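For what it's worth, the numbering used here labels the leading residue of the sequence shown as 61, then goes sequentially.
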Amino acid sequence: MSDEAPVIGVLALQGDVREHLIALAAADAVARPVRRPEELAEVDGLVLPGGESTTISKLAILFGVMEPLRARVQDGMPVYGTCAGMIMLADKILDPRSGQETIGGIDMIVRRNAFGRQNESFEAEVDVKGVPGDPVEGVFIRAPWVESVGAGAEVLAEHDGHIVAVRQGNALATSFHPELTGDHRVHSLFVDMVRANRAAESL
Numbered sequence: 061m062s063d064e065a066p067v068i069g070v071l072a073l074q075g076d077v078r079e080h081l082i083a084l085a086a087a088d089a090v091a092r093p094v095r096r097p098e099e100l101a102e103v104d105g106l107v108l109p110g111g112e113s114t115t116i117s118k119l120a121i122l123f124g125v126m127e128p129l130r131a132r133v134q135d136g137m138p139v140y141g142t143c144a145g146m147i148m149l150a151d152k153i154l155d156p157r158s159g160q161e162t163i164g165g166i167d168m169i170v171r172r173n174a175f176g177r178q179n180e181s182f183e184a185e186v187d188v189k190g191v192p193g194d195p196v197e198g199v200f201i202r203a204p205w206v207e208s209v210g211a212g213a214e215v216l217a218e219h220d221g222h223i224v225a226v227r228q229g230n231a232l233a234t235s236f237h238p239e240l241t242g243d244h245r246v247h248s249l250f251v252d253m254v255r256a257n258r259a260a261e262s263l
């Protein structure tokens, strides 16, 4: 691996952290878990994995990483959220639980568990703008969908009439879990975003 490989963290408080680390490494990034502010400070970008968004929110506050994470996202650090991570990146949640906070970064309104409960999980092919080749196999597990987006957000994919992938600047979010499929193209898209951002910062 070259010295130019970006360092990308995975918020390792809950969820499928290991699978994201493997997918990022396969997409030619240096991948490492992030739990604390000092670890966050050392990465070029961050993945927010699936899990339970309320729990992740509370743990991020407990570990002292919520505020520095908000600050870095607002400052333009590339960030990618899957499933619960998508909820964390929403500026507004349609039905938040008590005490639930988000990081924000994407002008969108998200509905939690919109595609149903755990036993209603499913897979579907999804055409994702910016991902070349065949459709991505989307794994939807208690997945949210995006009710609406603001002018600054770009819709990258829809499924069954609902928005399931969005990008705004350096923030990317999907309802589904590409880390569970062995197809690393969405992670490669994110790694490219991180490389571009790092190149722009070095000018």
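Quick reminder that beta carbons are idealized off the backbone N, C-alpha and C, glycines included. A quick note: this is a predicted structure, and the numbers were derived from the prediction, not measured.
Check the DSSP bridge columns for residue i and list the partner residues they point to.
| i | result |
| --- | --- |
| residue 91 | 68 |
| residue 168 | 209 |
| residue 228 | 231 |
| residue 80 | Beta-bridge pairing links residue 80 to no other residue. |
| residue 219 | 222 |
Please name the residue, chosen from the options, that lies closest to residue i on a Cα-to-Cα basis.
| i | options | result |
| --- | --- | --- |
| residue 218 | 128, 212 and 204 | 204 |
| residue 164 | 244, 221 and 128 | 128 |
| residue 145 | 262, 104, 70 and 223 | 70 |
| residue 195 | 85, 73 and 245 | 245 |
| residue 108 | 122, 87, 78 and 259 | 78 |
| residue 190 | 260, 142 and 250 | 250 |
| residue 124 | 209, 111 and 73 | 73 |
| residue 207 | 171, 228 and 88 | 171 |
| residue 168 | 247, 226 and 241 | 226 |
| residue 238 | 110, 104 and 259 | 110 |
| residue 101 | 259, 228, 67 and 141 | 67 |
| residue 214 | 166, 256 and 248 | 166 |
| residue 187 | 162, 223, 159 and 160 | 223 |
| residue 126 | 236, 104 and 162 | 162 |
| residue 112 | 142, 92, 138 and 87 | 142 |
| residue 236 | 263, 105 and 140 | 140 |
| residue 82 | 253, 241, 262 and 256 | 241 |
| residue 265 | 75, 160 and 88 | In the structure displayed, the chain extends from 61 to 263; residue 265 sits before or after that span and is not available. |
Starting from residue i, follow the beta strand (DSSP E) in both directions and report where the run begins and ends.
| i | result |
| --- | --- |
| residue 182 | 182-186 |
| residue 106 | 105-108 |
Considering residue i, what are the terminal residues of the alpha helix (DSSP H) in which it resides?
| i | result |
| --- | --- |
| residue 254 | 245-262 |
| residue 163 | Note, residue 163: premise wrong, no alpha helix (DSSP H); not H, not E. |
| residue 97 | 97-100 |
Original post:
Is it a yes or a no for the segment 172-188 touching the segment 134-142, going by three-plus beta-carbon pairs under 8 angstroms?
Top reply: no
Original post:
Which runs of the beta strand (DSSP E), 3 residues or longer, sit entirely within the segment 113-153?
Top reply: 139-142 and 150-153
Subject >> Inter-stretch contact at 8 angstroms, needing at least 3 Cβ pairs: the segment 85-96 / the segment 143-156 >> reply: no
**OP:** Pick out the complete beta strand (DSSP E) segments inside the segment 193-217, 3 residues or longer, and give them in chain order.
**Re:** 196-200 and 205-209
Original post:
Does the segment 170-177 come close enough to the segment 195-203 to have 3 or more Cβ pairs within less than 8 angstroms?
Top reply: yes
Original post:
Do the segment 231-243 and the segment 111-125 make contact, defined as three or more Cβ pairs closer than 8 angstroms?
Top reply: no
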